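Below is one structure; the comments refer to it alone.
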Amino acid sequence: MQVIILPSAAAIGDYAADVILRGVAERPSYVLGVATGSSPLPVYEALERRWIPELAGISAFALDEYVGLPYSHPESYHSVIDREVTTRLRLDPNRVHVPDGFADDPAAAATTYETAIRDAGGIDLQLLGIGGSGHIGFNEPTSSFASRTRIKTLTPGTRSDNARFFSSPDEVPLHCMTQGLGTILDARQVLLVATGEKKASAIARAVEGPLTSMCPGSALQLHPDATVLLDEAAASELTLRDYYRFVFEHRPKWQR
Amino acid sequence: MLLHGARKLDADGIVDDFWMLLVGDTISTTGTGDSWQALAPSVADSARFDARGRWLTPGFIDLHAHGGGGASFDDGIDAIGTALAVHRAHGTTRSVLSLVTNPLDRLAENLRGIADLASRDPLILGSHLEGPFLSPLHRGAHEPQYLIEPDPANVEELLQASAGTLRQVTIAPELPGALDAIDRFVNAGVVVAVGHTDAGLEVTAEAFDRGASVLTHAFNAMRAIHHRAPGPVIAAFEDSRVALELILDGVHVHPEVVRLAFLAAPQRIVLVTDAMAAAGAPDGPYRLGSLDVTVAHGEAMLSGTETLAGSTLTQDASLANAIELAQIDPVLAVRAVTASPARALGLDTRFGYLRPGYAADAVLLDEQWRSTTVFANGLRLV
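Chains R and H are the protein sequences, given in the same order. Note that the first sequence covers residues 59 to 314 in our numbering. Note that the second sequence covers residues -12 to 369 in our numbering.
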C-alpha cells in the first residue's frame, strides 16, 4: 500500500486527478469507480477545475445506494452522484451507473450490477472514502472480504452520521445496496482519500492494523495497487508517518 | 491536407516539428518529425503544406463579436458575410454572432436570419443576444429605451425566432424574472451569461447556481471588485463552472488586471473580441445598433462620451496582447481563444484542440502572432 501525506485537501484532489487523467489517457474507455460523501469531493473539484474534455468518454460506477429511497429524493445516491459527479465532471449520464436500490427484486439487481461492471471491462480505478467505523462503501464491520454487491443493514452509527442530510433521523433508510469488499478488491487500482482528524483512527486501523473484518478498510492491504491519500490530520495516528514520507520522496520515476 | 513541420501550440502544450493530416472536416492523424512521410503516397503534393517556422494553433472561437470590416451582424446576411471575412482572416474559425439591444421584433428578425445562415454555414455557431435583458445602470453601448425585463413572453418569442440556434444570452440577473428566464434558457440549451449588470456577489452566485456559466466581458459594464463588496468578478473567480470573457485590447482591462484574472482562473478565461464594425476597418464614424460611435486610434466610443462601445480587435491581436502585453504563458493564452471558449459552449469534445477526431480548424501564425494561414472545417480560408 502506498501512503501519501499531502498538505491540503486541494493537493490531494490534484494528485488524484493526475492519477485518473493518466489512466484515461492510456485507456479512453476508462471505468472510474466513484464514491459519495465528503472525502472524494476535492478530487471532483480538481477534475472540474481543469476544464478539459477527457472525461466525456469514460464510464462510472457508484459504490452504493440506499434501499427503498426514491431516486428523486435529493439524498438518494442517484441524485447525489448526478449532482456531484455526472453534472460537474460532464460525464455521459448513460454511462454512469448506480446500484438499483429501489428495484422490486434487490437481490437480482445486485447481481445485475456485478454483471454490468464486468461487461464494462471491470473498474480501472476505485475512489474510496472511509467511515469512522472503518467502512468502505457501505461495507460495515464484519463484512466478508469476499463479499459482492448485496443488501446490507446500516449500523446505527452510520445512520446517525448521515442523519444530517435528512429532515429526521428516522428518515435515513435502514438498508443499502453496496459493492462488496470482493468487488472493490477487483478494481485494478484503488485510491482512498481521507482528510481531517475524525478519520485518523479509521485510517490507522485500515493501513497499519490487523487484517480484520472489524475494520473493512483493512481489506485494502490485500490489494496489489492501493494508494491512500491523506492530509496531516488524517495521518496523525499512523505509526510509520516518517517512513511513508521517506518512501514518497524517494519514489523511482516508474512508480509515480 | 497535410500540414507538417509546424510548432504546435494548443491547450495540451507545445510540440515542435508537428504534423497533422486533415481528412474531410476532421483532424484524422497527428505526429511529429518526418513520420508523416509514411502517409505521403496517399497525399498529393498540392495537398501538403510546409509550415516550418510557424506556430500552429487550433482555430479560434469567438463567443462575442458584433461586426468588422465596416459591417455589423445586426444588419443582415451581406453585412454578416463582410464582418465574418475579416475575423476569419485573423484566425477566428467559429463564431457566435452577437446582437446588440434593439426592439424585440428587430431582434427576432435578426435571430431568424442567423438561424438560416447557421443552418448553411457550419462556421457559425449561432447567435448571442447581448441584450435586451440588461441593467440600465450598466448599459454600456446599448440603447436604453429598448432595454426590457426578461418576462416569459419575451423569452419565448426570442427562443422561438432563433429556432434552436441561440447559443448564448447575456442577462442582468437582478432584473425581475431574470432567474426564471435563466432556467428557461438553460433548459433550452442556451449558454447564459451574466453581464451588463448591477448585481453583487450573492445575486451573481445565485445566477450561476441556476445555470448561468459565463461572465460577459468581465470587469466591463458591471460593479468593480471592492474589498468590502466583491461583486460579480469574484463570484466568477470562485465558481469553477464559469467562464470569464475578457476584452484584451489594452483599453477595456488593464494588462495587470488581465494577469490577475489569469491567476485566479487560468483555465476559464475566454478572450473575446467584442469587436464592432470598425475591426479591420479605418477610424471614423460608425453605428452600433441604433447608436452613433466614433472610432479614433482603434478605440470605439459612443459619440460625444467616454463610454467604450466595443473593440476593434481580432482574435490574433487578442492572443498577441495576452502574450506580449499581459505576459501570459502562451499555452494559457492560446487556450483562452480555443479550448476554453469551446468548453464554455460545451463543444470541447469537437473544437479547441489539435487532436485526432477534432474539427479540422487551424491557424498558422508568424513570430509576431499574426495569423498568416487559416483552415476551417478542412478547407483553407486564407
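Even glycine gets a Cβ: it sits at the ideal position worked out from N, Cα and C. For clarity, every value in this text was computed on a predicted model and none was experimentally measured.
Please report the Cβ distance between A313 of chain H and V245 of chain H, rounded to the nearest whole angstrom; I am assuming they are in contact, meaning their Cβ atoms lie under 8 angstroms. On the second sequence, residue 313 of chain H is found 326 positions in, with the first residue counted as 1. On the second sequence, residue 245 of chain H is found 258 positions in, with the first residue counted as 1. In this structure A313 of chain H touches V245 of chain H by the C-beta definition: roughly 4 angstroms separates them, less than 8 angstroms.
Have a look at R299 of chain R and A284 of chain R and give me their C-alpha separation to the nearest angstrom. Position 241 of the first sequence, counted from the start, is the residue given in the question as residue 299 of chain R. Position 226 of the first sequence, counted from the start, is the residue given in the question as residue 284 of chain R. Between the alpha carbons of R299 of chain R and A284 of chain R lies a distance of about 17 angstroms.
Please name the residue, chosen from H:I315, H:S15, H:V2 and H:R154, that lies closest to H51 of chain H on a Cα-to-Cα basis. Numbered from its first residue, the second sequence carries residue 51 of chain H at position 64. Looking at the Cα atoms, H:R154 is the closest of the given residues.
Taking Q254 of chain H as part of the beta strand (DSSP E), name the residues at either end of that continuous run. Looking up residue 254 of chain H in the second sequence gives position 267. From DSSP, Q254 of chain H is part of no beta strand (DSSP E); its letter is neither H nor E.
Please report the Cβ distance between R228 of chain H and S200 of chain H, rounded to the nearest whole angstrom; I am assuming they are in contact, meaning their Cβ atoms lie under 8 angstroms. Position 241 of the second sequence, counting from 1, holds the residue named residue 228 of chain H. Position 213 of the second sequence, counting from 1, holds the residue named residue 200 of chain H. Correct: roughly 6 angstroms between the Cβ atoms.
When we look at the beta-carbon of I141 of chain R and count the other beta-carbons within 10 Å, is it buried (16 or more) or exposed? Counting from one through the first sequence, the residue named residue 141 of chain R turns up at place 83. Reading off the sequence, residue 141 of chain R comes out as Arg, not Ile. Classification for R141 of chain R: exposed.
A114 of chain R: contacting residues in chain H (beta-carbon distance under 7 angstroms): By 1-based counting over the first sequence, the position of residue 114 of chain R is 56. T336, listed in chain order.
Since G276 of chain H and T157 of chain H should fall inside the 8 angstroms C-beta cutoff, what is the C-beta to C-beta distance between them, to a whole number of angstroms? Locating residue 276 of chain H in the second sequence gives position 289, where the first residue counts as 1. Locating residue 157 of chain H in the second sequence gives position 170, where the first residue counts as 1. Wrong, their Cβ atoms sit about 14 angstroms apart, outside the cutoff.
Tell me which residues of the segment 249 to 276 of chain H have at least one Cβ-Cβ distance to chain R shorter than 8 angstroms, keeping chain order. Listed by position, the residues of the segment 249 to 276 of chain H near chain R (Cβ gap below 8 angstroms) are Q254 and R255.
Identify, in the order they occur along the chain, each residue of the same chain with its Cβ nearer than 8 angstroms to the Cβ of A15 of chain R, setting aside the five sequence neighbours on each side. Lying before the first or after the last residue shown, residue 15 of chain R is absent from chain R, which here runs from 59 to 314.
Run through the DSSP bridge pairs and tell me what P111 of chain R is partnered with. In the first sequence, counting from the first residue as 1, residue 111 of chain R sits at position 53. Bridge partners of P111 of chain R: none, in fact.
Going along the chain, which residues of its own chain have a beta-carbon closer than 7 angstroms to the beta-carbon of I256 of chain H, five neighbours each way excluded? Taking the first residue of the second sequence as 1, we reach residue 256 of chain H at position 269. Within the same chain, I256 of chain H has close Cβ partners L231, L233, A248, F249, A323 and S327.
Considering P214 of chain R, what are the terminal residues of the alpha helix (DSSP H) in which it resides? On the first sequence, residue 214 of chain R is found 156 positions in, with the first residue counted as 1. P214 to N220 is the span of the alpha helix (DSSP H), which, as asked, contains P214 of chain R.
Chain R contact for R342 of chain H (CB, 7 angstroms cutoff): Here residue 342 of chain H refers to the residue found at position 355 of the second sequence. No, no contact with chain R.
Counting only Cβ pairs nearer than 7 angstroms, list the residues of chain H close to E106 of chain R. Taking the first residue of the first sequence as 1, we reach residue 106 of chain R at position 48. Neighbours of E106 of chain R on chain H, chain order: S227.
Contact criterion: CB-CB distance below 7 angstroms. Does W109 of chain R meet it with respect to chain H? Walking along the first sequence from the start, residue 109 of chain R turns up at place 51. By this cut-off, W109 of chain R is an interface position.
Going by beta-carbon coordinates alone, are I169 of chain H and G198 of chain H separated by less than 7 angstroms? Start at 1 with the first residue of the second sequence, and residue 169 of chain H comes out as number 182. Start at 1 with the first residue of the second sequence, and residue 198 of chain H comes out as number 211. A contact, by the Cβ cut-off of 7 angstroms.
Once you ignore the five residues that flank S35 of chain H on each side, which residues in its own chain have a CB closer than 6 angstroms to its CB? Mapped onto the second sequence, residue 35 of chain H falls at position 48. Per the sequence shown, the amino acid found at residue 35 of chain H is Arg instead of Ser. Excluding sequence positions up to five before and after R35 of chain H, its CB lies within less than 6 angstroms of the CB of L(-11), all in the same chain and listed in chain order.
Any beta carbon from chain R within less than 7 angstroms of R330 of chain H's own beta carbon? Locating residue 330 of chain H in the second sequence gives position 343, where the first residue counts as 1. Chain R, which has a Cβ nearer than 7 angstroms to the Cβ of R330 of chain H, makes this yes.
Residues of chain R with a CB under 7 angstroms from the CB of S327 of chain H: which are they? On the second sequence, residue 327 of chain H is found 340 positions in, with the first residue counted as 1. Ordered by position in chain R, the residues that pass the 7 angstroms Cβ test against S327 of chain H are W109.
According to DSSP, is W356 of chain H part of a helix, a strand, or is it coil? As a working note, residue 356 of chain H is residue 369 in the second sequence. Look at W356 of chain H here: in three-state DSSP terms it is coil, with no helix or strand label.
Buried or exposed by the 16-neighbour rule on C-beta atoms within 10 Å, applied to P100 of chain R: Along the first sequence, one-based indexing puts residue 100 of chain R at 42. P100 of chain R is buried by the Cβ-count criterion.
With distances taken from CA atoms, which of H:R274, H:I315, H:V83 and H:D196 is nearest A251 of chain H? Against the second sequence, residue 251 of chain H aligns to sequence position 264. Proximity to A251 of chain H across H:R274, H:I315, H:V83 and H:D196 peaks at H:I315, based on C-alpha coordinates.
Under the assumption that A128 of chain H contacts L289 of chain H (Cβ atoms under 8 angstroms), give the Cβ distance between them as a whole number of angstroms. Working through the second sequence from its first residue, we reach residue 128 of chain H at position 141. Working through the second sequence from its first residue, we reach residue 289 of chain H at position 302. That belief holds up - the Cβ atoms of A128 of chain H and L289 of chain H are roughly 5 angstroms apart, short of 8 angstroms.
Among R:L269, R:L147 and R:E103, which has the Cα closest to the Cα of A118 of chain R? For the purposes of this step, residue 118 of chain R is taken as residue 60 along the first sequence, with counting starting at 1. If you compare the alpha carbons of R:L269, R:L147 and R:E103 with that of A118 of chain R, the shortest gap goes to R:L147.
Relative to the alpha-carbon of G365 of chain H, which residue among H:Y133, H:P109, H:D62 and H:A205 has its alpha-carbon at the smallest distance? The count along the second sequence starts at 1 and reaches residue 365 of chain H at position 378. Ranking H:Y133, H:P109, H:D62 and H:A205 by Cα distance to G365 of chain H puts H:P109 first.
Give me whichever residues DSSP pairs with T157 of chain H in a beta bridge. Here residue 157 of chain H refers to the residue found at position 170 of the second sequence. For T157 of chain H, which the question treats as bridged, DSSP gives the partners H:A180.
Q60 of chain R - containing beta strand (DSSP E), residue span: The residue labelled residue 60 of chain R in the question sits at position 2 within the first sequence. Counting along the chain, the unbroken beta strand (DSSP E) around Q60 of chain R starts and ends at Q60 to I63.
Which runs of the alpha helix (DSSP H) spanning at least 4 residues fall entirely within the segment 25 to 93 of chain H, listed in chain order? 64 to 76, all fully within the segment 25 to 93 of chain H.
6 angstroms Cβ shell around Y171 of chain R - same chain, five flanking residues per side excluded: Within the first sequence, numbered from 1, the residue matching residue 171 of chain R stands at position 113. Cβ neighbours of Y171 of chain R beyond the five flanking positions: P157 and T207.
G339 of chain H and A349 of chain H - do their beta-carbons sit closer together than 7 angstroms? Counting from one through the second sequence, the residue named residue 349 of chain H turns up at place 362. Counting from one through the second sequence, the residue named residue 339 of chain H turns up at place 352. For the pair A349 of chain H and G339 of chain H, the CB atoms are not nearer than the 7 angstroms cut-off.
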